[in-house]
Each structure stands twice: as C-alpha cells, then as structure tokens.
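For the sequence shown, position 89 (counting from the first letter as 1) is numbered 871 according to my numbering, and the numbering increases by one without interruption.
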Amino acid sequence: MRLVIDTNVFIYAFTTTTNPSCKSVINLIAESPDKFKLRIPRTIIEEVRRNMIPESFQEFFGFISEITSIDEDFFVPFEIAFRYERGGLKTADAFIAAYAEWVGADILVTENRHFLKHNPELPFKVLTADNCLKFNNKM
C-alpha cells in the first residue's frame with residue numbers, strides 16, 4: 783500500500799506535541815516495510831525541518847532515510863496541482879494532493895482539517911492517522 787503522510791502527522795509523531803495515533807502510524811510503517819511504501823516530497827521534509835527542533839528532525843530524518851527516498855518537487859506536474867487549486871484547495875495542499883496522485887498513493891494520511899473537509903472525488907483516500915489505523919485493522 784502506497785502512503786503519503788502529511789507534515790502535521792510527522793510533527794505530531796516526532797515531537798512532544800504527540801498524537802498517539804500519528805506515532806502509531808509511523809510505528810506501523812517501520813514494523814511493516816513490505817506492506818507499506820512511503821513516498822515523501824522535498825516540500826514535506828522542509829516543512830518538518832522548519833517546525834521541529836534539530837534533535838527531533840534528526841530522528842525524523844533517520845526514519846525517512848531508512849525506509850524511502852525523497853522525491854524532488856519539480857518532478858510533480860504542475861497541471862495536477864493547478865487542478866486541485868481550482869477545486870478549492872490552498873496552494874500547499876494542492877501540491878500535496880498532486881504529489882499523492884502523481885505517485886499513485888492509495889492513502890494520504892493527514893490531520894489537516896482542510897483536506898478532511900474538502901474531499902472531492904480523489905484518486906486516493908484521505909484519512910486521519912486514527913482512521914488509517916482502523917482501515918489497516920480491517921485489511
């Protein structure tokens with residue numbers, strides 16, 4: 783299963799502002815690397831860096847380095863992002879949606895209320911960390 787995890791989930795998983803479900807999603811991916819294929823764009827790496835202390839970022843980056851590689855943003859076709867922007871998503875959210883579509887993600891895991899509210903017919907599921915865990919338990 784291909785996953786894209788939004789910045790806020792990583793922040794909640796790797797900082798003192800923890801969300802147990804976010805941490806559990808990260809642990810699930812770490813424990814089941816054959817089941818889950820994580821994809822991450824440079825934008826999310828940079829957003830996480832800006833919002834974490836260096837020690838937390840180092841832990842996060844170590845996790846990412848072990849399980850995936852970083853995709854450069856410029857590979858994502860801008861036409862896809864524009865389509866999501868025209869559909870009502872903010873620019874940053876439109877890029878993440880475009881990235882998720884471009885990599886063929888099955889699920890975008892986010893705690894972003896804008897994504898959760900604005901859920902038109904997307905080619906991927908948009909789930910909170912808690913709902914992602916529930917979805918995994920049903921599989």
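All residues carry an ideal CB built from backbone N, CA and C; glycine is no exception.
Because the structure is a prediction, the values reported are computed rather than measured.
Roughly how many whole angstroms lie between the Cα atoms of residue i and residue j?
i, j, result
"I808", "A795", "7 Å"
"A874", "A880", "10 Å"
"S847", "F917", "26 Å"
"R821", "L909", "16 Å"
"E841", "I849", "13 Å"
"V858", "P802", "31 Å"
Are the beta-carbon atoms of residue i and residue j separated by less than 7 Å?
i, j, result
"K907", "I889", "yes"
"V891", "A911", "yes"
"A882", "V791", "no"
"S806", "L915", "yes"
"T789", "V830", "yes"
"N833", "I793", "yes"
Compare the Cα-Cα distances from residue i to each of the options and report the closest residue.
i, options, result
"E824", "F856, E883, P802, V791", "According to the sequence as given, residue 824 is Arg; it is not Glu. R824 has its Cα closest to that of F856, out of F856, E883, P802, V791."
"K819", "F897, I852, P859", "I852"
"I827", "S803, T800, V858, F843", "F843"
"C804", "S814, E893, K920", "E893"
"R784", "V858, A876, P815", "P815"
"N774", "A887, K817, E854, T850", "In the structure as shown, the chain starts at 783 and stops at 921, and residue 774 therefore has no counterpart that could be examined."
message: Quick check for students: name the residue ranges of the beta strand (DSSP E) that lie wholly in the region 783-854, counting only runs of 3 or more.
response: Listed in chain order, they are 784-787, 819-823.
field: Segment contact flag, the region 856-870 with the region 830-837, C-beta cutoff 8 Å, min 3 pairs
entry: Segments in contact, no.
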